[in-house]
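Asker:
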Amino acid sequence: MKRLILIIGLLFWLPPSFALDCFAPSPSKQEGDNTFIPITSSKLSVAEQKKVKLLFDNLVGNWRGKAEEFECFGTKNSPRAVKSSYNVDFRVSEFSQGDLEINSTLDDQFKGRLTQEYIKLHSSKRYLRIETNNKAGDVEISMLSSTTVQFFQKVRNKGLVKETVRRFEIHGSHLTVDYEFYTQNVLARKITYRLKK
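Residue numbers (mature numbering (1 follows the signal peptide of the UniProt record, and there is no 0)): -19 to -1, 1 to 178.
(1) Between the stretch 52 to 60 and the stretch 26 to 44, are three or more C-beta pairs nearer than 8 Å?
(2) Evaluate Val136 with the Cβ neighbour count: other Cβ atoms within 10 Å of its Cβ, from every protein chain shown; 16 or more gives buried, anything less gives exposed.
(3) Could you tell me the alpha carbon to alpha carbon distance between Lys178 and Pro60, rounded to whole angstroms?
(4) With DSSP run on the structure shown, which of helix, strand or coil describes Val142?
(5) Here's the rule I'm using: 16 or more other beta-carbon atoms within 10 Å means buried, otherwise exposed. How should Ile172 be labelled?
(6) What residues in its chain sit with their C-beta under 7 Å from that of Gly(-11), if we drop five residues either side in the sequence?
(7) Using the rule of at least 16 other Cβ atoms within 10 Å of the residue's Cβ for burial, across every protein chain shown, is His103 buried or exposed?
(8) By how many angstroms is the C-alpha of Lys64 removed from the C-alpha of Ala169?
(9) Over the uninterrupted alpha helix (DSSP H) stretch that includes Glu171, give me the two end residues.
(10) Determine the extent of the alpha helix (DSSP H) in which Asp159 is found, giving its start and end residues.
(11) Count the other CB atoms, across all protein chains shown, that sit within 10 Å of the CB of Phe76; report buried if there are 16 or more and exposed otherwise.
(12) Put Lys47 into one of helix, strand or coil per three-state DSSP.
(13) Can you tell me whether Lys34 is helix, strand or coil according to DSSP?
(14) Following the continuous beta strand (DSSP E) through Leu125, name the residue where it begins and the one where it ends.
(15) If Ile83 sits next to Ile100, beta carbons under 8 Å apart, how far is it from one beta carbon to the other, in whole angstroms?
(16) I'd like to check one pair, Val69 with Leu81: are the Cβ atoms closer than 7 Å?
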């Protein structure tokens, strides 16, 4: 019984040796930026548009799999990661030419928690954008191929800097999605989806 309690406890609390990613520096911080510098969005070239179109075409469909998430607590010297695991339904559809909507259902059966997530990806105006198809949705692309896209957003609100990095990578019928959330230039939360069509 004690062993079972210990195993269950480890699902919710990971000691520092398992929390090495917690409070890792954001991409901006790694580049040595100590001041807030807005992202640089740029219009997609013809070649980039073709890569985005192929990637978006391959994203469309119904995906299922697992997701692993951790949230960071404590301090940089004494990090504590709270972990969650989900069964995932990840549905991607094209609602207009060059624009996708992603509906995902995350089922944490252990905690009895069901979470719905909904985002939009846009490319119809020759900019890659998330949520809104205007400057408010602008992102900076850090990696782009016909199978992979990685981009980030950065905002400052009342002195609080938040940075989000998203990555979609397709290999045949397999899809890996990573979301990383940074607050004040350190990693606060991360979730990774491993899915199959």
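Each residue gets a CB set at the ideal place from its N, CA and C atoms; glycine is no exception. Note that this is a predicted model, so its numbers are computed, not measured.
Answerer: Reading off the structure:
(1) Under the three-pair Cβ rule at 8 Å, the stretch 52 to 60 does not count as touching the stretch 26 to 44.
(2) Taking the sequence shown and counting its residues from 1, the one referred to as residue 136 is at position 155. Val136 comes out exposed.
(3) The sequence position of residue 178 within the sequence shown is 197, counting from 1. The sequence position of residue 60 within the sequence shown is 79, counting from 1. About 36 Å.
(4) Within the sequence shown, the letter at position 161 stands for residue 142. Looking at Val142 - three-state DSSP - the assignment turns out to be strand.
(5) Here residue 172 refers to the residue found at position 191 of the sequence shown. Looking at its Cβ environment, which holds 16 or more other Cβ atoms inside 10 Å, Ile172 is buried.
(6) Stepping through the sequence shown from its first residue, residue -11 is reached at position 9. Residue confidence is low: Gly(-11) scores 41 on pLDDT, short of 50, so the model does not pin down where it sits. Its coordinate-derived value is still stated next. Correct list: empty, nothing qualifies.
(7) As a first step, residue 103 is located in the sequence shown; it is residue number 122 there, counting from the start. Under this definition His103 is a buried residue.
(8) For the purposes of this step, residue 169 is taken as the residue at position 188 of the sequence shown. For the purposes of this step, residue 64 is taken as the residue at position 83 of the sequence shown. Those two C-alpha atoms are separated by around 12 Å.
(9) Reading the sequence shown from its first residue, position 190 is the one you call residue 171. Residue identity check: residue 171 is Lys in the sequence provided, not Glu. For Lys171, there is no enclosing alpha helix (DSSP H); the enclosing beta strand (DSSP E) has its first and last residue at 167 to 177.
(10) Here residue 159 refers to the residue found at position 178 when the sequence shown is read from its first residue. Here Asp159 belongs to no alpha helix (DSSP H); instead the beta strand (DSSP E) covers 155 to 164.
(11) Numbered from its first residue, the sequence shown carries residue 76 at position 95. By the neighbour-count rule (16 or more Cβ atoms within 10 Å), Phe76 is not buried but exposed.
(12) As a working note, residue 47 is residue 66 in the sequence shown. Strand, per DSSP.
(13) As a first step, residue 34 is located in the sequence shown; it is residue number 53 there, counting from the start. In the structure shown, Lys34 sits in a helix (DSSP, three-state: H, G or I).
(14) As a working note, residue 125 is residue 144 in the sequence shown. Where Leu125 is concerned, the enclosing beta strand (DSSP E) stretches over 121 to 125.
(15) By 1-based counting over the sequence shown, the position of residue 83 is 102. By 1-based counting over the sequence shown, the position of residue 100 is 119. With a Cβ gap of about 5 Å, Ile83 and Ile100 count as contacting.
(16) By 1-based counting over the sequence shown, the position of residue 81 is 100. By 1-based counting over the sequence shown, the position of residue 69 is 88. Not in contact: Leu81 and Val69 (Cβ atoms no closer than 7 Å).
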